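First the structure, in the form of structure tokens, and then the observations on it.
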Amino acid sequence: MKENFGLYLILTDPVSGYEAAAKAAVECGVRYLQLRMKNTPREQVAATALALRDITKNTQTRFIVNDDLTVAIESDADGIHLGQADLSVEEARSTWSVPGKIFGLSTHSLEQALLAAEAAPDYIGVGPVHPTPTKADADPALGAAEVGRIIGQSPLTAVAIGGINAQNLPGLLEAGAQNYCVVSAVNAATDPAAAIRALQKIWERHVF
Numbered sequence: 001m002k003e004n005f006g007l008y009l010i011l012t013d014p015v016s017g018y019e020a021a022a023k024a025a026v027e028c029g030v031r032y033l034q035l036r037m038k039n040t041p042r043e044q045v046a047a048t049a050l051a052l053r054d055i056t057k058n059t060q061t062r063f064i065v066n067d068d069l070t071v072a073i074e075s076d077a078d079g080i081h082l083g084q085a086d087l088s089v090e091e092a093r094s095t096w097s098v099p100g101k102i103f104g105l106s107t108h109s110l111e112q113a114l115l116a117a118e119a120a121p122d123y124i125g126v127g128p129v130h131p132t133p134t135k136a137d138a139d140p141a142l143g144a145a146e147v148g149r150i151i152g153q154s155p156l157t158a159v160a161i162g163g164i165n166a167q168n169l170p171g172l173l174e175a176g177a178q179n180y181c182v183v184s185a186v187n188a189a190t191d192p193a194a195a196i197r198a199l200q201k202i203w204e205r206h207v208f
């Protein structure tokens with residue numbers, strides 16, 4: 001059954017600090033909070049993951065680690081998000097066989113989204129919707145209409161990602177997305193809770 005939760009937040013260099021942004025996410029009831037720290041010493045990533053695990057533990061916010069399975073295991077995260085070039089979902093599940101852990105997978109086309117169903121991740125990311133400055137090696141932008149089409153054809157819970165903000169979120173929701181991921185729209189905000197609530201209000205107006 002597809003989940004419908006709205007905002008999925010990735011934390012990458014938040015101007016308010018990782019812990020403050022994570023606390024804001026928990027306060028606002030964000031369902032998924034992912035830690036993505038590219039080109040950062042592993043010790044720093046691991047320490048940040050442990051801090052965010054403490055903040056999210058026993059809350060409704062699920063803490064996800066990007067890419068690094070060992071950090072996810074060591075921090076007892078709720079799950080891991082994998083890219084197309086990372087460890088496969090099957091391999092990650094085999095290594096981390098703790099019941100209830102969440103496995104997400106990035107997809108960048110209808111073909112990848114349909115193939116993902118065979119691996120049965122708990123959710124897929126679909127995008128990028130728009131050009132995004134947060135990934136140097138980002139795939140070509142798909143556009144809201146194509147992302148909506150992919151989401152509609154996938155049997156899995158799907159999260160639209162890539163360049164999403166308060167200005168273009170309404171059009172994305174109208175195109176068929178229900179769950180959406182943001183990075184800069186919250187990480188660049190000095191008041192992350194206010195930025196999160198603004199996005200949540202847009203989602204509530206369009207989905208309910």
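Take 1 as the starting number for the sequence shown in full-length UniProt numbering and just add one per residue.
Where a beta carbon is used, it is the ideal one built from N, C-alpha and C, also for glycine.
Nothing here was measured: the structure is a model prediction, and the numbers come from that model.
> Beta carbon of Leu-142, beta carbon of Leu-7: below 8 Å?
Replying inline: no
>> Considering Cα atoms alone, identify which of Thr-40, Thr-107, Glu-118 is closest to Gly-162.
In response: Thr-107
> Mapping DSSP to helix, strand and coil, what is His-81?
Replying inline: strand
> Quick one: what does DSSP say Gln-178 is sitting in, helix, strand or coil?
Replying inline: coil
> In terms of DSSP beta bridges, what is Val-129 paired with?
Replying inline: DSSP output for Val-129 lists no bridge partner at all.
> At what residue ranges does the stretch 140-206 contain a whole run of the alpha helix (DSSP H), taking only runs of 4 or more?
Replying inline: 144-153, 169-174, 184-187
> Cβ atoms of Asn-4 and Gln-112: under 8 Å apart, would you say?
Replying inline: no
> How would you label Pro-14, buried or exposed, when you count the other beta carbons within 10 angstroms and need 16 or more for buried?
Replying inline: buried
> Could you give the distance in angstroms between the alpha-carbon of Val-207 and the alpha-carbon of Leu-105?
Replying inline: 24 Å
> Nearest-angstrom Cα distance between Ala-46 and Lys-201?
Replying inline: 33 Å
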